[in-house]
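Residue numbers (our numbering), protein chains in the order written: chain A, 218 to 548; chain B, 463 to 669.
And the structure:
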């Protein structure tokens, strides 16, 4: 093979000091990969998160994040759904930032597969369940629920999930289990908000055993017929429709069955404003926000407010659990 | 000199019209996001605070540089602050609460951050009403006393912002620091720089 040597391109003219060490070269490659994926995610995510890079590829065929088989439920019939864009770009998920738009922008690098949930505490035997096995514990079901935030806004979301009760019966809690504690992921590397001590990470939520067993309480794995987007708490989150949204722990990595009432993150951060129960209650006001009415996301600039319902309109399913309790005190 | 003032006033007008034009543009083009009411409330609130701080910058700027031109724009900046405060209140009573007064009264009375914000707004009304030459002459030395309310308004406005946020106080912190700087400059010159004050006095005489 003939190689034409010009003085400029002669490889022998390259001094050893000019050669990039292999390690540097590879580091740069890795960095470029991360940087470009960040660029891509910030450019693509806000407009359409469905096509963002998500490592959840196992559940679906290529370029398809749709969940194959799930049944519909009678919940939410006649409700007007909040559109997909609003559900996936207006999020409170402080591990990805405190602005509502932050989670959609900053969650692209968060890895949700493989994913294991560790079951601990008052159970016959501590064990670990992978996300793929969790999905098979019960038939997937779509639940259209009203989602009421403590900040006095609300959405209507078509969640897909399984009853939390099905995981509880699989976990086999002992008689001492009076409460369940949910511990969320805390990965500062891929969760920029978790690098800031905004809240006491990891995020902790909890339910009383009867609340956890209530058929309305679900572990959510998807929404709008597709796998849960990262900004909504992928791969698995809790949804308790009669409570304020912050009760719905996202990206759950650990579930502990405990005897005493868990100290939950927001209640710890500000005990005067956030209680353990956090039931939606138009009669118990919040120091910041009027709770008697709410703004429906997506209703537009001139829609005004809608009346907030007791237990977010799910009183017939849940009120018996709080019979005789002073809900003003146990807010 | 006259021409310069005219140009700088035109500049203030263009700058001050930008936020409201932007809001209208975004509103027409469905660009106000998932919670448009909150967006409008936040935006008008922020710009109220910006104009409030600009108004309060005039004197420290003169103290430090000896330049008086910002003082001549102060009334205009103050009135724009009042304009955005009015929009902020309008967004609250109209867009947020649909003129439903029982809820509005309830919201104001029960929530500290709303009380201080509403209080700050009420205090701006007499200032805006007496901002013209006629009232200035009529009120004489009382005018200055009345308009010193702006310091209280600024503190209440910042408090309103601070108490509104749930946990992340970064943004209100920036505004607090800006206000603290402006106050610090005033205090410094008041107690430590009699020479500076003389210079200003002579500047005032020249005006």
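Where a beta carbon is used, it is the ideal one built from N, C-alpha and C, also for glycine.
None of these values were measured; they are calculated from a predicted model.
| Check | Outcome |
| --- | --- |
| C-beta contact flag for residue 378(A) and residue 298(A) at 8 Å | no |
| Chain A contact residues for residue 489(B), given Cβ-Cβ distances below 8 Å | 518 |
| Contact test: residue 486(B) Cβ vs the ligand HEM heavy atom, cutoff 7 Å | With respect to the ligand HEM, the structure offers nothing, as it holds no ligand at all. |
| Contacts that residue 560(B) makes with chain A (C-beta to C-beta distance below 8 Å) | 521, 522 |
| Partner residues on chain B for residue 303(A), Cβ-Cβ distance less than 9 Å | 495, 496, 497 |
| Beta-carbon proximity of residue 339(A) to residue 497(A), cut-off 8 Å | no |
| Extent of the continuous beta strand (DSSP E) run through residue 364(A) | 358 to 365 |
| Given 8 Å, three or more beta-carbon pairs between the segment 577 to 596 of chain B and the segment 619 to 637 of chain B | yes |
| Assigned secondary structure, residue 538(B) (DSSP; H/G/I helix, E/B strand, else coil) | helix |
| Minimum Cβ-Cβ distance from residue 514(A) to chain B less than 8 Å | yes |
| Presumed contact (8 Å Cβ cut-off) between residue 523(B) and residue 532(B), rounded CB distance | 5 Å |
| Same chain only: Cβ atoms within 7 Å of residue 292(A), ignoring 5 sequence neighbours per side | 360, 361, 362 |
| Contacts of residue 574(B) in chain A (Cβ-Cβ under 9 Å) | 504, 505 |
| Residues bridged to residue 380(A) [DSSP beta-bridge criterion] | 435(A) |
| Near-chain B residues of the segment 368 to 381 of chain A (beta-carbon distance less than 8 Å), N- to C-terminal order | 368, 370 |
| Which listed residue (451(A), 485(A), 499(A)) has its alpha carbon closest to that of residue 493(A) | 485(A) |
| Rounded Cβ spacing between residue 441(A) and residue 301(A) (contact assumed at less than 8 Å) | 5 Å |
| Buried or exposed (CB count within 10 angstroms, at least 16 for buried), residue 350(A) | exposed |
| CB contact below 8 Å: residue 629(B) versus chain E | Here chain E cannot be found, since the structure's protein chains are A and B. |
| Rounded straight-line distance, which links the Cα of residue 341(A) to that of residue 456(A) | 26 Å |
| Anticipated Cβ contact below 8 Å, residue 313(A) with residue 408(A), distance rounded | 6 Å |
| Neighbour flag for residue 618(B) against chain A, beta carbons, 8 Å | no |
| Boundaries of the beta strand (DSSP E) in which residue 424(A) is found, first to last residue | 421 to 425 |
| Cut-off 8 Å between Cβ atoms - residues of its own chain near residue 343(A), not counting five sequence neighbours on either side | 335, 336, 337 |
| Any C-beta of chain A under 8 Å from that of residue 557(B) | yes |
| Simplified DSSP assignment, three categories, for residue 542(A) | coil |
| Nearest to residue 589(B) (by Cα), restricted to the options 536(B), 641(B), 486(B) | 536(B) |
| Segment limits, alpha helix (DSSP H) that includes residue 585(B) | 574 to 591 |
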